[in-house]
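The sequence shown maps to residues 77 to 983 in the working numbering.
What follows is a single structure, written as structure tokens, with notes after it.
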Amino acid sequence: MKVVVVVMAVSLLNFIAGSRCENQTIEEKDAAEASLSDAHEIDGGDDLPDKAKRRVVEGLALNLQGRGPEVVVHGYLNLPDDLQASTLCFWVKPYKVEFYVNLMTNTRVQFFIDMYNLVVTKTSYMVRVIPKIEIRVWVHICVAIHDQGFDTYMNGRLTEQMRDQPASFDDHMKVVLAGNIPMVISSNSTLYYFSGMLADLRLFPKKLTQAEADDVRTGEWRGVNYKMTINKTLTTHSKLNIVRNITYEELFHRPPDYTILSFYEPLTYPQTVRACQTYGGFLPNTDTEDITTIFRKCATNIGHSTDIWLHQPNYDPHNPKQKCSMITHYLQGNATVMPWKCDGISSTLCCYVPRQTRVRMIGGDYLEEDIFFFEQPSIAGQGVILEGEKTLHVGWENSSSVTVMTKKGEVLFRQQPATNHYMGRSLWSATQGGNFNISFSVCKKGQFSCSNGECVSLSKRCDGVPADCSDNSDEDDTCGIFHGPPRHYYPKRGPSDPRINVTLHVIYVRNVDTDRNRLEVMMGINLAWRDERLTFHNLRSSDGLPNILDNDVLSSLWVPSLYFPYALFEENLNLEKGAMTHTTVAAVPVGSGSPTTINSYEALEFPGSGVVLEMQVITLVTTTCSFTLKAFPFDTQMCVIPLQLRGFGTPQVAEEHLRVLSNDLSLPVFGFHPVRCFYNASMPQQVEMGLLLERRNGAFLFSSIGPCVVLLLLGHLSFVAFPLHQFTDRASTSLSLLIVVAALFSQMSSTLPESAQPKAIDMWFFYCILRLFIFFVFHCIVDYHYKRSIEADRKQKEFLASSKHQEALIPFKAPSYDSLKKPPLPDKENNEAPRHHGRWVTEGKRSLPSITLPRAWLTSQLVNRMSLLFGLFQDLMFVIGFCVHLETTNRFTKTQFNIFKDCSGKG
Numbered sequence: 077m078k079v080v081v082v083v084m085a086v087s088l089l090n091f092i093a094g095s096r097c098e099n100q101t102i103e104e105k106d107a108a109e110a111s112l113s114d115a116h117e118i119d120g121g122d123d124l125p126d127k128a129k130r131r132v133v134e135g136l137a138l139n140l141q142g143r144g145p146e147v148v149v150h151g152y153l154n155l156p157d158d159l160q161a162s163t164l165c166f167w168v169k170p171y172k173v174e175f176y177v178n179l180m181t182n183t184r185v186q187f188f189i190d191m192y193n194l195v196v197t198k199t200s201y202m203v204r205v206i207p208k209i210e211i212r213v214w215v216h217i218c219v220a221i222h223d224q225g226f227d228t229y230m231n232g233r234l235t236e237q238m239r240d241q242p243a244s245f246d247d248h249m250k251v252v253l254a255g256n257i258p259m260v261i262s263s264n265s266t267l268y269y270f271s272g273m274l275a276d277l278r279l280f281p282k283k284l285t286q287a288e289a290d291d292v293r294t295g296e297w298r299g300v301n302y303k304m305t306i307n308k309t310l311t312t313h314s315k316l317n318i319v320r321n322i323t324y325e326e327l328f329h330r331p332p333d334y335t336i337l338s339f340y341e342p343l344t345y346p347q348t349v350r351a352c353q354t355y356g357g358f359l360p361n362t363d364t365e366d367i368t369t370i371f372r373k374c375a376t377n378i379g380h381s382t383d384i385w386l387h388q389p390n391y392d393p394h395n396p397k398q399k400c401s402m403i404t405h406y407l408q409g410n411a412t413v414m415p416w417k418c419d420g421i422s423s424t425l426c427c428y429v430p431r432q433t434r435v436r437m438i439g440g441d442y443l444e445e446d447i448f449f450f451e452q453p454s455i456a457g458q459g460v461i462l463e464g465e466k467t468l469h470v471g472w473e474n475s476s477s478v479t480v481m482t483k484k485g486e487v488l489f490r491q492q493p494a495t496n497h498y499m500g501r502s503l504w505s506a507t508q509g510g511n512f513n514i515s516f517s518v519c520k521k522g523q524f525s526c527s528n529g530e531c532v533s534l535s536k537r538c539d540g541v542p543a544d545c546s547d548n549s550d551e552d553d554t555c556g557i558f559h560g561p562p563r564h565y566y567p568k569r570g571p572s573d574p575r576i577n578v579t580l581h582v583i584y585v586r587n588v589d590t591d592r593n594r595l596e597v598m599m600g601i602n603l604a605w606r607d608e609r610l611t612f613h614n615l616r617s618s619d620g621l622p623n624i625l626d627n628d629v630l631s632s633l634w635v636p637s638l639y640f641p642y643a644l645f646e647e648n649l650n651l652e653k654g655a656m657t658h659t660t661v662a663a664v665p666v667g668s669g670s671p672t673t674i675n676s677y678e679a680l681e682f683p684g685s686g687v688v689l690e691m692q693v694i695t696l697v698t699t700t701c702s703f704t705l706k707a708f709p710f711d712t713q714m715c716v717i718p719l720q721l722r723g724f725g726t727p728q729v730a731e732e733h734l735r736v737l738s739n740d741l742s743l744p745v746f747g748f749h750p751v752r753c754f755y756n757a758s759m760p761q762q763v764e765m766g767l768l769l770e771r772r773n774g775a776f777l778f779s780s781i782g783p784c785v786v787l788l789l790l791g792h793l794s795f796v797a798f799p800l801h802q803f804t805d806r807a808s809t810s811l812s813l814l815i816v817v818a819a820l821f822s823q824m825s826s827t828l829p830e831s832a833q834p835k836a837i838d839m840w841f842f843y844c845i846l847r848l849f850i851f852f853v854f855h856c857i858v859d860y861h862y863k864r865s866i867e868a869d870r871k872q873k874e875f876l877a878s879s880k881h882q883e884a885l886i887p888f889k890a891p892s893y894d895s896l897k898k899p900p901l902p903d904k905e906n907n908e909a910p911r912h913h914g915r916w917v918t919e920g921k922r923s924l925p926s927i928t929l930p931r932a933w934l935t936s937q938l939v940n941r942m943s944l945l946f947g948l949f950q951d952l953m954f955v956i957g958f959c960v961h962l963e964t965t966n967r968f969t970k971t972q973f974n975i976f977k978d979c980s981g982k983g
């Protein structure tokens, strides 16, 4: 026979622990949560016959106090070497569980208990049984070994098990395989030792069915089995005892569902409820137990007065007049239930704690976290005792001192609590010197242990709402979100990813100074980056209060700086010094974080790769712009504001996350288009922001353009409103209009922005002045032609008068009869009017012939009309040219602006 003392290597532990969750199906995970206690409830000891209850089996008790090569406990089992096609059955009651507790070892098969799970291993592969094993509870196990692997029965039921996994062994295991011992109970390996009891070990030369395995469990098996004799080899420090009086009644006995914690502690009802909740329990309830039973379990000292609070189903903490139920016992009287004020004081705290309740001891880096369970005190009134699943024990050293000690009795920590219970977080003194915070809590993973023992969600810790823990311990001074950079952190070296998300937000435009080409803008700059070298704790989600980093923290971290190339020197200096600006840096988690412990305080830990650092800067930027006033006051201006990222590590702008936003930037003088951005990959540290300004010209239309149009209309009306002979009125009207326009232009010029180039408003007024001057010139021309026509008429009248006088001296010859009968015909050759060779007089009267002087074709009326029409045509051409000038100038500006792109992220 070869000895098989299994020493599982650390690699095997890591392999199994890592692959256990990966290979489990959903059904397997659900089955793993199931407890074997149901088997006791179905087939409990009460169902066994009295004869079966009194049946005695041979048992082996091991209660090892430590681990290491100095503890060597071998229990040899006489059984065949070849276990193929056989079934090994036994009862087991573990006192504690750890990683890979060596239960039994054979040349071909090894049995372990690994954190509540049974593991059966062959030389080449291993199988993990899914249902969990309860500690301090007897469980019957049968393992059928066959060619295909293993079948495991727990409490007579076929259990689920994970898929076969390859087993690996270290060099020590290979040496042990050369032994010659058939079966070893526990071993001298460096693994944890089994601490508990074994009973009724049997080996069957066949593969048992489920019904047969259940018969073995209940003692009804009548088939063949190998009689196994337990021999023991005792060595130094061993605690192995042969127990031969274990009865089936004990094996099938179900332990109590609750541990009764009862001791003297004067508390009000609300205080009692909170204290009981710190143990994970509840108050006794008369709906499930009678008063006598409750009093018998909870009474600390029969013969003295005892008051015990009972569960109050409809308790309202906001009702000061509410009554609560209390069991009262006075001396030798009977226990009675009576109503009492809820803020009254009881003498005894009695709490029912479920047996599955586990207590976590958290001590930070100086103490390994351990799991404890409540140990039922031997008598009522005894203080709370905790038994560790590994090596520690917590109990009362005396009536006033509590100690944390090893199973060997070595005291590690000591405390003298002010009350009879020490749950929660408090200061403990170490025997080796120093004081440390240690927390005993029933809180589960993902919960925060308040200093008074209450449990709240870990996500609510440090959320800025001091109402979760009644003692506000979740919002105390330990809520720091950053505990300093690591030792290898160098703030003058940027993170591995230098890209920074940039969001520029134009809050409002303070002023547009076209005289000095300046634009004052209130801006908000948001920078976001990650630094994988950092670690944060207790970060609030993005929905809660921001996680602001103070200046002391920022001074030790890498933070990019900002620089505006076109801004004033003083403003860039303020940005560098943090003066005249509002700067905040917040840590925003992108995940849920992982639970950790810092000085006995549970916390959520966030690696730097899962935290976005957001810097928000609100500052006033006075930047230089190139304003052109050629189209003033119908001008469109563009201003470019470049921003550069500076700092160690050459930070770069992440183009895919670049955002440029703006509010309604409207001013009384200017309207703004949506802000745009421009990014040049050749300059990754810079981004340019473009603003397009359109001047509001409504006031100029009413104060300048409109009056000029009216005045020009008046000038046009002067051609038709005044007669041609009223040159004085016409001229005075034109000159008056000219004076008005000149005065208006002079007044307007004093308020216009200064510019060497002529502005559109200058062109407009100059044209209006010029146009009114042309009006005056046209009136002069019209008057000149009018006077010429008057002079012509005068000369014609004088000529006519002279002609009349001469006609009186012309000889007269009476016309003939024929000439009167037929009027003279026109001269056919020259197409002239008929010629009269003389005038004749009838009835004694005489008429002189009509004489007309030639007239000029360019009359004053024609000149007046031509002046009016030419002026209108001239106005039309100017308006067209004026509009073309404005459109051309503004189109160039808009074309430059269209080079920039929309970075608002809205589409």
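Every residue, glycine too, gets a C-beta built ideally from N, C-alpha and C.
Quick caveat: nothing in here was measured; it's all calculated off a predicted structure.
{"query": "Any beta strand (DSSP E) of 3 or more consecutive residues that is wholly inside the stretch 188 to 224", "result": "193 to 197, 201 to 204 and 215 to 222"}
{"query": "Collapsed DSSP secondary structure at K417 in the structure displayed", "result": "strand"}
{"query": "Bridge partner(s) assigned by DSSP for L721", "result": "L638"}
{"query": "Y642 beta carbon less than 8 angstroms from that of I583", "result": "no"}
{"query": "Nearest to F746 (by Cα), restricted to the options A757, R772 and E731", "result": "R772"}
{"query": "Spatial distance of R915 from F946 (CA atoms)", "result": "Unreliable placement is indicated for R915, whose pLDDT of 46 sits below 50; the coordinate value is still reported in the next sentence. Rounded to whole angstroms, R915 to F946 spans 49 angstroms at the Cα level."}
{"query": "I384 - partner residues in DSSP beta bridges", "result": "I403 and T424"}
{"query": "For D619, the three-state DSSP class (helix, strand or coil)", "result": "coil"}
{"query": "Test item: CB-CB of F776 and I837 under 8 angstroms", "result": "yes"}
{"query": "Same chain, Cβ closer than 8 angstroms to R563, five either side skipped, listed in chain order", "result": "none"}
{"query": "Beta strand (DSSP E) segment containing I674, residue limits", "result": "S670 to I674"}
{"query": "Beta-bridge pairing of C531 - partner residues as DSSP gives them", "result": "S525"}
{"query": "Expected contact under 8 angstroms - CB spacing of S865 and T809 to nearest Å", "result": "Incorrect: roughly 22 angstroms between the Cβ atoms, too far for contact."}
{"query": "Within 8 angstroms, strictly: CB atoms of I217 and T228", "result": "yes"}
{"query": "N- and C-terminal bounds of the beta strand (DSSP E) containing S738", "result": "R735 to S738"}
{"query": "Check whether T335 and V429 have beta carbons under 8 angstroms apart", "result": "yes"}
{"query": "Within 8 angstroms, strictly: CB atoms of S549 and S527", "result": "yes"}
{"query": "Beta-ladder partner(s) of A351, from DSSP", "result": "Note: A351 sits in no beta bridge, so no partner."}
{"query": "Distance between G620 and V478 (C-alpha atoms, nearest Å)", "result": "41 angstroms"}
{"query": "Between the CA atoms of K208 and M230 - distance to the nearest angstrom", "result": "10 angstroms"}
{"query": "Beta-carbon gap between N648 and Y639 smaller than 8 angstroms", "result": "yes"}
{"query": "Contact under 8 angstroms by Cβ, M402 with L425", "result": "no"}
{"query": "At least three beta-carbon pairs within less than 8 angstroms, the stretch 713 to 731 to the stretch 684 to 701", "result": "yes"}
{"query": "Integer Cβ distance of L721 from P636, believed to fall under 8 angstroms", "result": "5 angstroms"}
{"query": "E963 versus G570: straight-line alpha-carbon distance, rounded", "result": "49 angstroms"}
{"query": "C-beta contact flag for V687 and R606 at 8 angstroms", "result": "yes"}
{"query": "Through-space distance from N513 to V147, alpha-carbon basis", "result": "Residue confidence is low: V147 scores 37 on pLDDT, short of 50, so the model does not pin down where it sits. No coordinate-derived value is stated."}
{"query": "DSSP state of M249 mapped onto helix, strand, coil", "result": "Note that M249 scores a pLDDT of 43, beneath 50, so its modelled location is shaky and nothing firm can be said."}
{"query": "Under 8 angstroms between C-beta atoms of H581 and A679", "result": "no"}
{"query": "Counted within 10 angstroms of its Cβ, other Cβ atoms place L503 as buried (16 or more) or exposed", "result": "exposed"}
{"query": "Status (buried if at least 16 other CB within 10 Å, exposed otherwise) for S825", "result": "exposed"}
{"query": "Boundaries (first-last residue) of the alpha helix (DSSP H) holding Y324", "result": "Y324 to F328"}
{"query": "Residue from K568, N178 and T404 with nearest C-alpha to F270", "result": "N178"}
{"query": "6 angstroms CB neighbourhood of D519 in its chain, flanking five on each side removed", "result": "The amino acid at residue 519 is misidentified as Asp; the sequence shows Cys. Hits under 6 angstroms: S525 and C531."}
{"query": "Among Q237, P799, M180 and V213, the one whose alpha carbon lies nearest that of V205", "result": "Q237"}
{"query": "Identity of the residue in P281, S423, S742 and L767 nearest F754 by Cα", "result": "L767"}
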